[in-house]
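Working notes, structure below.
2 protein chains.
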Amino acid sequence: MRIIVTGANGFIGRKLVAALLQAGSLPGPDGTPVPLSDVRLFDVVAPEVPAALANGTVPVRSIAGDLSDPAALDRLMTGGADVVFHLAAVVSAQAEEDFGLGMRVNFDATRALLDATRTAAPDGAARLVFTSSVAVFGGDLPHVVRDDTAPVPQSSYGVQKAMSELLVQDYARRGFVDGRTVRLPTIVVRPGPPNKAASTFASSIIREPLNGESAICPVPEDTGLFVASPRCIVANLLHAASVPAARFGHGRTVMLPGLSVTVAEMIEALRAEAGAEAVARIRFEDDARIRAIVASWPARFQTDRAAALGFQADASFAAIVRAFVEDEMGVPNQE
Amino acid sequence: MRIIVTGANGFIGRKLVAALLQAGSLPGPDGTPVPLSDVRLFDVVAPEVPAALANGTVPVRSIAGDLSDPAALDRLMTGGADVVFHLAAVVSAQAEEDFGLGMRVNFDATRALLDATRTAAPDGAARLVFTSSVAVFGGDLPHVVRDDTAPVPQSSYGVQKAMSELLVQDYARRGFVDGRTVRLPTIVVRPGPPNKAASTFASSIIREPLNGESAICPVPEDTGLFVASPRCIVANLLHAASVPAARFGHGRTVMLPGLSVTVAEMIEALRAEAGAEAVARIRFEDDARIRAIVASWPARFQTDRAAALGFQADASFAAIVRAFVEDEMGVPNQE
Numbered sequence: 000m001r002i003i004v005t006g007a008n009g010f011i012g013r014k015l016v017a018a019l020l021q022a023g024s025l026p027g028p029d030g031t032p033v034p035l036s037d038v039r040l041f042d043v044v045a046p047e048v049p050a051a052l053a054n055g056t057v058p059v060r061s062i063a064g065d066l067s068d069p070a071a072l073d074r075l076m077t078g079g080a081d082v083v084f085h086l087a088a089v090v091s092a093q094a095e096e097d098f099g100l101g102m103r104v105n106f107d108a109t110r111a112l113l114d115a116t117r118t119a120a121p122d123g124a125a126r127l128v129f130t131s132s133v134a135v136f137g138g139d140l141p142h143v144v145r146d147d148t149a150p151v152p153q154s155s156y157g158v159q160k161a162m163s164e165l166l167v168q169d170y171a172r173r174g175f176v177d178g179r180t181v182r183l184p185t186i187v188v189r190p191g192p193p194n195k196a197a198s199t200f201a202s203s204i205i206r207e208p209l210n211g212e213s214a215i216c217p218v219p220e221d222t223g224l225f226v227a228s229p230r231c232i233v234a235n236l237l238h239a240a241s242v243p244a245a246r247f248g249h250g251r252t253v254m255l256p257g258l259s260v261t262v263a264e265m266i267e268a269l270r271a272e273a274g275a276e277a278v279a280r281i282r283f284e285d286d287a288r289i290r291a292i293v294a295s296w297p298a299r300f301q302t303d304r305a306a307a308l309g310f311q312a313d314a315s316f317a318a319i320v321r322a323f324v325e326d327e328m329g330v331p332n333q334e
Numbered sequence: 000m001r002i003i004v005t006g007a008n009g010f011i012g013r014k015l016v017a018a019l020l021q022a023g024s025l026p027g028p029d030g031t032p033v034p035l036s037d038v039r040l041f042d043v044v045a046p047e048v049p050a051a052l053a054n055g056t057v058p059v060r061s062i063a064g065d066l067s068d069p070a071a072l073d074r075l076m077t078g079g080a081d082v083v084f085h086l087a088a089v090v091s092a093q094a095e096e097d098f099g100l101g102m103r104v105n106f107d108a109t110r111a112l113l114d115a116t117r118t119a120a121p122d123g124a125a126r127l128v129f130t131s132s133v134a135v136f137g138g139d140l141p142h143v144v145r146d147d148t149a150p151v152p153q154s155s156y157g158v159q160k161a162m163s164e165l166l167v168q169d170y171a172r173r174g175f176v177d178g179r180t181v182r183l184p185t186i187v188v189r190p191g192p193p194n195k196a197a198s199t200f201a202s203s204i205i206r207e208p209l210n211g212e213s214a215i216c217p218v219p220e221d222t223g224l225f226v227a228s229p230r231c232i233v234a235n236l237l238h239a240a241s242v243p244a245a246r247f248g249h250g251r252t253v254m255l256p257g258l259s260v261t262v263a264e265m266i267e268a269l270r271a272e273a274g275a276e277a278v279a280r281i282r283f284e285d286d287a288r289i290r291a292i293v294a295s296w297p298a299r300f301q302t303d304r305a306a307a308l309g310f311q312a313d314a315s316f317a318a319i320v321r322a323f324v325e326d327e328m329g330v331p332n333q334e
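Chains as they are written, first to last, in numbering that gives the first Met the number 0: chain H, 0 to 334; chain W, 0 to 334.
What follows is the structure, given as structure tokens:
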């Protein structure tokens, strides 16, 4: 089983690679596990192969390049591919700032990768998991976003993701590439420092207090979010590669399950985990710009399709906080 | 008012040009009519300028080329543009047969045209009317397709149209080009000989009997269709260029109104217009392939958004038949 992961340097990319190498196999077309024979990690800067994994039995190659550079894509595809996890993307704020860059990386490179995958596996059997986003939704949304709700993106990032979803759909329907798109909820709790994403506070208000640091919440307590833990996302990415093609029916896009939570509910889970002292480290400081962006995101989804296809959700926001403590704060799983 | 029409040789293109030149003006940004000062007709083969219009007061230029050829696009955009009607496309069957051609013409050329329009009018004020299609819909559809139903195209043509809609949406949102997308119902009654479209029978079963010729109906009588007359489509294309930008709200895509009719109802309208003798010229000959394609098209739409924006529908299928007789059979309007 030859695996490619683009965007392997990203936070989810690194976790996905670790999970893949730990599993050592992925289900083949008939559902039985096939050992990994070749893993290629791709990113703008050559991804580091985790030391704990580098000396394993699976050859892991690290490749640096720009997906929109045909030569880099050639290097990446040399040796063929059975499963491609396409995580590489320019983030929302950057795609909004630089339209050309977003189109080139988020759309054109996805198209080029689909074409390269098709060329590498002319029988159309190569599976490609494409990560899309709730950012495809916007505008006048219903109270609950359904699987059949039309995307009306209010960002260039959302448009580029929605266009790529359509390409994946057509490449799959035509038998070019066995593509599958998963739309990711907001991922919480992210490790590391805050970034420039409008959603960064959703991780900060849990992570910083747990680390004894202060955090600013720029949105009101009743703000709703649709979230999933990194663990849950990684499990669902692996699952996306494993669902038999026929089960997708007419469409290849799946909104992943998540939890609809308010900021107040998130803070209550923090209180349960770390007490009032931790909660006291959160300061509410309204930021109209961030409030507007976050308010435009749908917070409630009906994800029947994902459930029917066997994708999983976190049990509770408390479980999300607990997973962060276990995975990122060196506290062993006590269950 | 500088106008560009791509696909000007097509059946709708020719009617749109005739209507434009007859009107002699289009509403400007403030709603008051602005006289046409320059009309450019673009197609693969240089469009003929109708003799009756060539000697009018509006300069009409005919330009031949391939929209995906930058030099042709340059020639087309020379002189700038205030309103672009983008009708040029590779039809459904052709886009399915030749994936690369469909992508190049239906998607890449639309993108290039949007970019060229943006360059020609850096203030973003140029309006661009893009014609999309019910073909964006497919798969497991609700009984009635709503304005917020997600496109899950089951053809490459539908995917290319849906991707282009998203681009138009983003160029409009960002203020690059004041784009507007209209999704067209099945156009009935088309003049001329049958073509290779799966929907060609819908015109044949009316047109041929009216002309004293026989026609074959390849689908059952209870087959549903969502249709509009050429007159109605042309009026709605002109209206699409005239709707003030602010009225579109968050989205730039509008499903045009149409009539939900069965083949039986179409035939009854023919009987009312031309008698049992005309109806007797239709022979039912089941064609499983065409039946399957036509059955996959949604036949019922709720087009509230179009109604709110002032788009119009035909009064009845009888009125559609009457309009064909008046417009294409040399029978003067007797109303």
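Yeah, the Cβ is synthetic: ideal placement off N, Cα and C, and Gly gets one too. Note that the structure is predicted; figures quoted are calculated from it, not measured.
Asked                                                                                                                        : Found
Where H/Arg-172 meets chain W, residues with beta-carbon distance less than 9 Å                                              : Pro-152, Gln-153, Ser-154, Ser-155 and Val-158
Spatially closest choice to H/Phe-247 from H/Arg-126, H/Ala-120, H/Thr-109 and H/Ala-7, by CA coordinates                    : H/Arg-126
Beta-carbon gap between W/Val-82 and W/Ala-240 smaller than 7 Å                                                              : yes
Segment contact flag, the region 199-210 of chain H with the region 147-163 of chain H, C-beta cutoff 8 Å, min 3 pairs       : no
Beta carbon proximity, W/His-142 to chain H, threshold 7 Å                                                                   : no
Which of helix, strand or coil DSSP assigns to W/Thr-246                                                                     : The sequence given here places Arg at residue 246 of chain W; Thr does not occur at that position. Here W/Arg-246 sits in helix by DSSP.
Stretch-stretch touch, CB-based, cutoff 8 Å, three pairs: the region 224-238 of chain H with the region 319-329 of chain H   : yes
Of the residues H/Val-253, H/Tyr-156, H/Thr-116 and H/Ala-287, the one placed nearest H/Pro-219, counting alpha carbons only : H/Ala-287
W/Ala-171 to W/Arg-251 span [Cα, whole Å]                                                                                    : 7 Å
Through-space distance from W/Ser-132 to W/Val-181, alpha-carbon basis                                                       : 8 Å
Start-to-end residues for the beta strand (DSSP E) that takes in H/Met-254                                                   : 252-254
Inter-residue Cα distance where the pair is H/Ile-2 and W/Ala-291                                                            : 38 Å
Three CB pairs or more closer than 8 Å across the region 257-275 of chain H and the region 6-24 of chain W                   : no
CB contact flag (H/Met-76, H/Ala-115, <7 Å)                                                                                  : yes
Where W/Arg-299 falls, given that 16 or more other Cβ within 10 Å makes a residue buried                                     : exposed
N-terminal and C-terminal residue of the beta strand (DSSP E) that H/Ser-24 is part of                                       : 24-26
Residues within the region 211-223 of chain H neighbouring chain W, beta-carbon criterion of under 8 Å                       : none
Helix, strand or coil at H/Arg-282 according to DSSP, with G and I counted as helix                                          : strand
Backbone CA spacing between W/Asn-8 and W/Ala-70 [nearest angstrom]                                                          : 20 Å
Best match in W/Asp-42, W/Arg-74 and W/Phe-84 for proximity to W/Asp-177 [C-alpha to C-alpha]                                : W/Phe-84
Neighbourhood of W/Phe-316 by C-beta distance below 7 Å, restricted to the same chain and skipping five residues each side   : Leu-258, Val-260, Glu-264, Met-265 and Ala-268
Contact check, H/Gly-99 vs H/Ala-134, beta carbons under 7 Å                                                                 : no
Cutoff 7 Å: W/His-249 Cβ touching any chain H Cβ                                                                             : yes
Simplified DSSP state of H/Glu-334, which is helix, strand or coil                                                           : Note that H/Glu-334 has pLDDT 41, beneath the 50 cutoff, so the model's placement of it is unreliable and no number is given.
Unbroken stretches of the alpha helix (DSSP H), 4 residues or longer, contained in the region 57-110 of chain W              : 69-76, 91-96 and 98-101
Contacts that H/Thr-109 makes with chain W (C-beta to C-beta distance below 8 Å)                                             : None at all; the shortest Cβ gap to chain W is about 12 Å.
C-beta atoms of H/Arg-304 and H/Asp-169 nearer than 7 Å                                                                      : no
Contacting positions in the region 301-331 of chain W - beta carbon closer than 8 Å to chain H                               : none
Simplified DSSP assignment, three categories, for H/Asp-326                                                                  : helix
Within chain H, the residues that W/Asp-65 reaches when beta carbons sit closer than 8 Å                                     : Going along chain H, no residue has its Cβ under 8 Å from W/Asp-65, so there is no contact; the nearest lies around 20 Å.
Minimum Cβ-Cβ distance from W/Gln-333 to chain H less than 7 Å                                                               : Low local confidence applies: a pLDDT of 45 at W/Gln-333 is under 50, so the model's placement there is unreliable, with the coordinate-based value given in what follows. It does not: the Cβ of W/Gln-333 has no partner Cβ on chain H nearer than 7 Å.
Nearest to H/Asp-68 (by Cα), restricted to the options H/Leu-40, H/Arg-103, H/Leu-237 and H/Thr-56                           : H/Arg-103
C-alpha distance - H/Ala-18 paired with H/Ala-88, whole-angstrom precision                                                   : 21 Å
Beta-carbon neighbours of W/Phe-225, restricted to chain H and to distances below 8 Å                                        : Chain H residues near W/Phe-225: none, gap ~17 Å exceeds 8 Å.
Straight-line Cα distance separating W/Phe-129 from W/Glu-207                                                                : 31 Å
Cβ neighbours of W/Gln-311 in the same chain (closer than 7 Å, five flanking residues each side left out)                    : Cys-231, Ala-234, Asn-235 and Pro-256
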